[in-house]
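So the structure is just underneath, and the comments pick up after that.
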């Protein structure tokens, strides 16, 4: 799975916007949206919010968790705990990236938020690597990791699976193949 | 008690000083920050004796030839008096000693220090010390109980503590003072004092008041206060007789109270307004020495002896009582004090202002009060809407007024003057723009309404105005430099209106940015006449209104043409405009006791200008003021008061105001508010901005609009009944705008209207069912009176099903009455009702063929017996068999259950009441109702049919002619086209149908006549009769050209019957030959003319249903728009 695909999925997340135009309900396959009243906040999927934003048709209301204080709290918690803590949104990374890239003018303290979310992300990825490392070292058969987001899983999945495969091959070659190898060597 | 204020003299260098008298009263002893103690032989002594006691002396006490000083060298020193020889150190602290005092006998000294400790030392033996620990901050002052049991101390930790000296324990502690970190930061020195002699009271200066605590019980028995005291009291001292209490304040004010009567007997102002830091009574009680924080010494002379003698004679009898009932009279006395003062206040001012008014004041105490009030009302700075509080009458009194104005006459007037003790006038609230934040803010909203936001910035860098539109389609955002200093703004779809108050040179200006103008000049400006300031603005459609301080209302066209102007009955508070309506709120009169007396005018400025509300009082919550005024988006006047109550004009109840929401109920915190920016009636929304801990939102971060629901404050809202009542009446109230809009010629959302009506009827029915369940039959009838006729019918069934025969009987009478009423109204009301009728029908899609009444009843009954179900569910269930009339534009059922037979054979038990009432007029009712009604209509139909009951009645007759059908068996190309026309005709307003008969015959000639077309489901496509009719129609027509279509068929029927049996058989054969499933001719004959009617109705039903069907199917693809 591509990160862009994950991002695509994240674009279905609802965000609040304050439109500056007036439009009746629109009926889409995914459901009805609107009505849009200028000045009144309305929930729309992220993709529409960004589209409208780019056309300067709305202001985006940052999600509640996208707030310096709350993110600091989350970061501290994330650093304190050994396990993964619940994140404010299953698409926090994607949302942050998309919103900050396209609508940073609507988000107070955008730079701080970017740093904070990056910190949280780094902490979590570090944990993920660590757990993958111990998983392999201890040659466990299974492990349980809660509260991982799709994007996080996605960053490590291909590599982890491939390397596990690879190691399995190597290991399975080692045991029975020890003699085989010898024999083949003999030839 | 007139006293003489001696001129001040310099005693010490600038800084804190303290003063006391010696036992005989011969000497005045002062100490100062120069570290000297000076012994004066009276105020005129030019050569006082000086004793140096250290760097600084903070406090001095003198008794029995011992002079004790507290200095900055952390010690309490003793000197002999009057020689001033050092007599040793009494005690030491770790930091500065702040206050020393002797006990009454002079045997002990108490000292408080900045190291939080209080020490009590025997003067004769300084080794006998008692240390009192417990304060958490530097000790401000100490005071001995004259009986030597207790010691009171005040500290910077905010507490005043009474200690038991022997046990060295705290007896009681009052946390009454302001907390501070150090003596230097403390607002007040808080020098306490015990009443001498009987030691009954302890006086504690608490801010601007003096609290008196009773010994032993330690109750707070009374408070001494005075209006003049605006700054904290520093020092209190009892007169030696224990009856008067002198106080020195930070602002330089000296007060003397008679403690028994709690009246202020003396007020004096320090000549330079310096803080009084020390006060001492002469042992004889005739003099009062005081020192200030600038090192000066002053003296008041000759008042207290006179006062004590004079007041003694008058007040002695009252003394005992006063002591006993201190608590009782406490409040009243304070009040009297207040009132008395505000009365006497103006006379004290007058000598300064000019003596002209003196006479008036003496004669009529009230005039002084009024003038006084007027003076501060004009004080623009003193208030804005945010700061209105109760009892702010004294707000405008400035120190300036008081300086030097406290002349002697003030004091003696107090007890003599009759004191006004009635309701106090409320200062009228200032004019404001609804949707703006106070003008003193540097960043403020000048306007936030449904169109956009106007922000004003007024700081060092910038004086500018930002205009931003919610809908950018209106106009792009604007940035204006605010060179004129506009303070008011208003915004509409067409223009921005700005106004500034007048300055010294410039007149008050009105500026209009008319951005919607099609010419190039988008701006105009008008100067107000001199002396008139713009106070309020508003914009309507094509006009602007300005209310000025000259009580004028000036109307401008949006292009800048001056139009009507008229006088307002009072100073304007605010205005609002919407379309052609102008709403003005002004001060009707002076309010009392915190109330505002506002009046409201509503004017219609359209073609026919008229006043709709003529200056009626505007109801406000108790002790509140107006905080928002405007119109809902639909144009109903609406306002919010400071208590957060939203009121809406109820046009259907003689323009009364109904509270529709209390925003405070939605607030989480006590200091949270909702700042209202707009209201909508459909959907019911109150748009406002939540403000945490304030009344107004800040401009940054940009606040978000929240939506509050409306709620009528009905009783018992928690019960099901209350809730339904609330919903019903709210729905009724919020429906008023429909009739207003249509009466003023606007388009209205008919769908919305019919839906609200439908909902109302549903609610009524629910309430009816509830009351039925509770066996409240009388209430049921009351509810039924509010229902439309059709719903009454349903209610009647419900009643009879639940075996409430009496109720059913009454309801049937009621229904009859309603039916009659309807019929009477029919004539004039017809035009209006028709569209509703169609829409209701269209909505309900409930043109199912009439099942026998019996069946309906049974169905109804079964469902209604099921108590648990709501009426809605019942209706749904009932309809489930046929179609769902609630789904708007619902797809009509594929299988209408046709039960034409026996319809007329059964007796209709309700026929009486239904008689003569053409069913179509039932349009107002909800679909479910229509539904039931429909099932009844065929029964009644014959009656109106024969008569010329109105245009509507024709439509059912006409429809059969249009060949029906999309029924698959029948659809020929021709039929298709015909049916396309027919549904249209049927769907359009029935009015149009009335025009149809003319061209109907033409069409009717060609297509197969209706009866044949009917009932694809019944497999009776064409009968012999029909074939015959096709051929013979023309001849019938020719014979009797004036016949209606039904009559044609009837005629045809009779002719067909006259044919010989063979002929008829032949026709039948022909019919059989052409069609597979033929009809039973005999049956047809037997049914005769009646069947024709059936067919017609069936057909018409089927037709309508079909027509609906197609559109519904289409609309189903285009989503369900509701």
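Chains as they are written, first to last, in our numbering: chain A, 1 to 187; chain B, 1 to 1122. Don't be surprised by glycine CBs; every beta carbon is placed ideally from N, CA and C. Here the structure is a predicted model, which means the values were calculated and not measured.
Residue i: CB within 6 Å of a non-hydrogen atom of the ligand FMN
i: residue 813 (chain B); result: This structure lacks the ligand FMN, and indeed carries no ligand of any kind.
Partner residues on chain A for residue i, Cβ-Cβ distance less than 7 Å
i: residue 178 (chain B); result: Result: empty, since nearest Cβ-Cβ is about 32 Å, beyond 7 Å.
Minimum Cβ-Cβ distance from residue i to chain B less than 7 Å
i: residue 20 (chain A); result: yes
Residues near residue i by beta carbon distance below 6 Å, same chain, minus five either side
i: residue 537 (chain B); result: 488, 490, 497, 499 and 546
i: residue 1198 (chain B); result: With chain B running from 1 to 1122 in the structure shown, residue 1198 (chain B) is simply not present.
i: residue 453 (chain B); result: 468
i: residue 43 (chain B); result: 6 and 299
i: residue 121 (chain B); result: 90, 91, 109 and 129
i: residue 679 (chain B); result: 632, 638 and 686
i: residue 201 (chain A); result: Chain A is shown only over 1 to 187; residue 201 (chain A) falls outside these bounds and no answer can be derived.
Residue-level contact to chain A via CB, residue i, 7 Å cutoff
i: residue 886 (chain B); result: Since pLDDT at residue 886 (chain B) reaches only 44, below the 50 mark, its modelled position is unreliable, and the value read off the structure follows with that caveat. No, its Cβ sits nowhere closer than 7 Å to a Cβ of chain A.
i: residue 705 (chain B); result: yes
i: residue 751 (chain B); result: no
i: residue 470 (chain B); result: yes
Cβ separation of residue i and residue j, assumed to be a contact under 8 Å, to the nearest whole Å
i: residue 579 (chain B); j: residue 635 (chain B); result: 6 Å
i: residue 61 (chain B); j: residue 100 (chain B); result: 5 Å
i: residue 56 (chain B); j: residue 35 (chain B); result: 5 Å
i: residue 434 (chain B); j: residue 644 (chain B); result: About 15 Å separates the two Cβ atoms, so there is no contact after all.
i: residue 1127 (chain B); j: residue 476 (chain B); result: It is not possible to answer for residue 1127 (chain B), since the shown part of chain B is limited to 1 through 1122.
i: residue 1029 (chain B); j: residue 1052 (chain B); result: 5 Å
i: residue 150 (chain A); j: residue 131 (chain A); result: Not quite, the Cβ-Cβ distance comes to about 17 Å (not below 8 Å), so this is no contact.
i: residue 429 (chain B); j: residue 626 (chain B); result: 7 Å
i: residue 660 (chain B); j: residue 710 (chain B); result: 5 Å
i: residue 194 (chain B); j: residue 116 (chain B); result: At roughly 22 Å, the Cβ-Cβ gap does not stay under 8 Å, so residue 194 (chain B) and residue 116 (chain B) are not in contact.
i: residue 160 (chain B); j: residue 154 (chain B); result: 5 Å
i: residue 13 (chain B); j: residue 295 (chain B); result: 5 Å
Cross-chain neighbours of residue i in chain A, by beta carbon under 9 Å
i: residue 464 (chain B); result: Chain A residues near residue 464 (chain B): none, gap ~19 Å exceeds 9 Å.
i: residue 473 (chain B); result: 20, 21, 22 and 38
Residues near residue i by beta carbon distance below 7 Å, same chain, minus five either side
i: residue 48 (chain B); result: 38, 39 and 40
i: residue 188 (chain B); result: 205, 232, 233, 234 and 250
i: residue 121 (chain A); result: 93
i: residue 291 (chain B); result: 11, 17, 18, 19, 30, 277, 278 and 297
i: residue 302 (chain B); result: 3, 4 and 286
i: residue 792 (chain B); result: 784, 811, 814, 815 and 818
Contacts of residue i in chain A (Cβ-Cβ under 8 Å)
i: residue 701 (chain B); result: 108
Neighbourhood of residue i by C-beta distance below 8 Å, restricted to the same chain and skipping five residues each side
i: residue 65 (chain A); result: 71, 74, 88, 89 and 92
i: residue 41 (chain A); result: 16, 17, 18 and 61
i: residue 129 (chain A); result: 156
Give the residues from the stretch 28–44 of chain A that approach chain B closer than 9 Å (Cβ to any Cβ), ordered along the chain.
Answer set for the stretch 28–44 of chain A: 32, 37, 38, 39, 40 and 41.
Name, going along the chain, the residues of the stretch 97–125 of chain A whose beta-carbon falls closer than 7 Å to a beta-carbon of chain B.
Taken in chain order, the members of the stretch 97–125 of chain A whose beta-carbon sits within less than 7 Å of a beta-carbon on chain B are 108.
Any residues in the stretch 54–78 of chain A with a beta carbon nearer than 9 Å to a beta carbon of chain B? Which ones, in chain order?
Answer set for the stretch 54–78 of chain A: 56, 57, 59 and 61.
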